[in-house]
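Read left to right, the sequence shown gives residues -16 to 267 (our numbering). Quick reminder that beta carbons are idealized off the backbone N, C-alpha and C, glycines included. Treat the numbers as computed from the prediction; the structure is a model and nothing was measured.
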Amino acid sequence: MGYEELVRKEGSAVQMGGPFTLDSLLADLRMLGVQQGMTVIAHTSMSRLGGWVVGGAQTVVMALMEAVGETGTLVMPTHTTNNSDPSYWQNPPIPEAWWPIMREHQPAFEPDKTPTRAMGVINELFRTFPNVLRSNHPNSSAAAWGKHAKYITADHPLESALGEGSPYAKVVELEGYILLLGVDHGNNTTLHLAEHRASFPGKRIEPQGGAVLVDGQRQWVTFDSLVPNDEDFSQIGQSFEAMHPRHARVRKVGNATARLAAARPLVDFAVTWIEQNRKEKPEA
Ligand SMILES: CC(C)(COP(=O)(O)OP(=O)(O)OC[C@H]1O[C@@H](n2cnc3c(N)ncnc32)[C@H](O)[C@@H]1OP(=O)(O)O)[C@@H](O)C(=O)NCCC(=O)NCCS
């Protein structure tokens, strides 16, 4: 991005509202229900905070850490979907002749080095903060800070990227919360756990791949993986909020619509919802 473009974008954030500060964001997070000691997984969009944040992503990360405190745990997805089998890429599709080259040359996922993809500036900065740990999965890692960070990021199973034993399942097990800051349940990674747990027509496992370090050496590994489908996640989230207001709150943080949902009741609800609503697609 050129300097002019940067100034134009920053200028539009200033015009939208604010200024939001660590203190104002913390007060908003408290009103939403984020408390010290909670385990919270955050999905974020900086631009949808809808105004100027003094200090940008650093301020948001610090506000989120302060909101859960040292007795709590802050988690964020730090996915790297570009480290996956190129045969599945759609936007754009990759020419078949490139597939072996990409498999051979994709650098190994390394928690301290590999940047996130499409997770936003807040999550990307969070993973670099002191005492933040990151799970070791080529495409579906999560970063965590605080009381349960070590447990949440340890032993991320290759074949259960978003399922049992993953950081997302551990947040559920720890009675954690999902925080959506300017995004909706369409971005809620933990709902993929419900797909793992539910039975529905069309559920399928496909071979996946990624570059990882094995005994310090780069290797392309293949493993089975559930084919994820987030098409109905926004609808599941809306239904949950309507039917379980005790477990779901929606408030403003800055000018963003922010959502806080209790992870276990949401995943339980989603399993039932998926089983009742995902039907076999009619033959084309
Ligand atoms: C993809 C996604 C991150 C894009 O959101 P976004 O707000 O456009 O991008 P970022 O969060 O990186 O924020 C960057 C923007 O913040 C704005 N910004 C920069 N500094 C700012 C400041 N100090 N104050 C306010 N806004 C500012 C700028 O508009 C900037 O845009 P630019 O990078 O084009 O210059 C978001 O839509 C999303 O999907 N988030 C959830 C990701 C996730 O958890 N996925 C899991 C799925 S399984």
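query, result
"Within 7 Å: the Cβ of M102 and any heavy atom of ligand 1?", "yes"
"Any chance the CB of M226 is under 7 Å from a heavy atom of ligand 1?", "no"
"So is G237 buried or exposed if we call it buried at 16+ other beta carbons inside 10 Å?", "buried"
"If you pair each beta-carbon of the segment 247 to 265 with each one of the segment 14 to 33, do three or more pairs fall below 8 Å?", "no"
"To the nearest angstrom, how far is the alpha carbon of L145 from that of A125?", "10 Å"
"Pair every Cβ in the segment 103 to 114 with every Cβ in the segment 148 to 155, then say whether three or more of these pairs are closer than 8 Å.", "no"
"Classify K235 as buried or exposed, calling it buried when 16 or more other Cβ atoms lie within 10 Å of its own Cβ.", "exposed"
"Is the closest heavy atom of ligand 1 to the C-beta of G(-15) under 7 Å?", "no"
"Taking Cβ positions, are E263 and G159 nearer each other than 8 Å?", "no"
"For A253, which residues of its own chain have a beta-carbon under 7 Å away from its beta-carbon, when the five flanking residues on both sides are left out?", "L174, A177 and I219"
"Exposed or buried, K153, counting other C-beta atoms within 10 Å across all chains shown (16 or more means buried)?", "buried"
"Have a look at L108 and L164 and give me their C-alpha separation to the nearest angstrom.", "16 Å"
"With the cut-off set at 8 Å, would you say S67 and G193 are in Cβ contact?", "yes"
"Please classify M21: does DSSP put it in a helix, a strand, or coil?", "coil"
"Go ahead and label P83 buried or exposed: buried means 16 or more other beta carbons lie within 10 angstroms of its beta carbon, across all protein chains shown.", "exposed"
"Below 8 Å on the Cβ atoms is my guess for A50 versus R13; work out the distance and round it to an integer in Å.", "7 Å"
"Span of the alpha helix (DSSP H) holding G39?", "G39 to V51"
"Kindly confirm or deny that the segment 38 to 54 and the segment 76 to 94 touch, where touching means at least three C-beta pairs closer than 8 Å.", "no"
"Under the criterion of a Cβ to heavy atom distance below 7 Å, does T27 qualify as lining ligand 1?", "yes"
"Less than 8 Å between the CB atoms is what I'm expecting for G34 and G0, so what's the real figure, rounded?", "3 Å"
"Short check: CB of V44 to CB of M29, under 8 Å?", "no"
"Less than 7 Å separating the Cβ of E(-7) from some heavy atom of ligand 1?", "yes"
"Going by the DSSP bridge assignment, what does Q200 pair with across the sheet?", "V197"
"Can you tell me whether K133 is helix, strand or coil according to DSSP?", "helix"
"Among E258, Q259, N260 and A239, which has the Cα closest to the Cα of D11?", "A239"
"Output the boundary residues of the alpha helix (DSSP H) element that contains R232.", "From DSSP, R232 is part of no alpha helix (DSSP H) but of the beta strand (DSSP E) over A231 to V236."
"Taking Cβ to Cβ, would you say E258 is nearer than 8 Å to S182?", "yes"
"Hey, would you say the C-beta of A249 is under 7 Å away from at least one heavy atom of ligand 1?", "First, the residue type needs correcting, since residue 249 is Leu and not Ala in the sequence shown. Incorrect: L249 has no Cβ contact closer than 7 Å to ligand 1."
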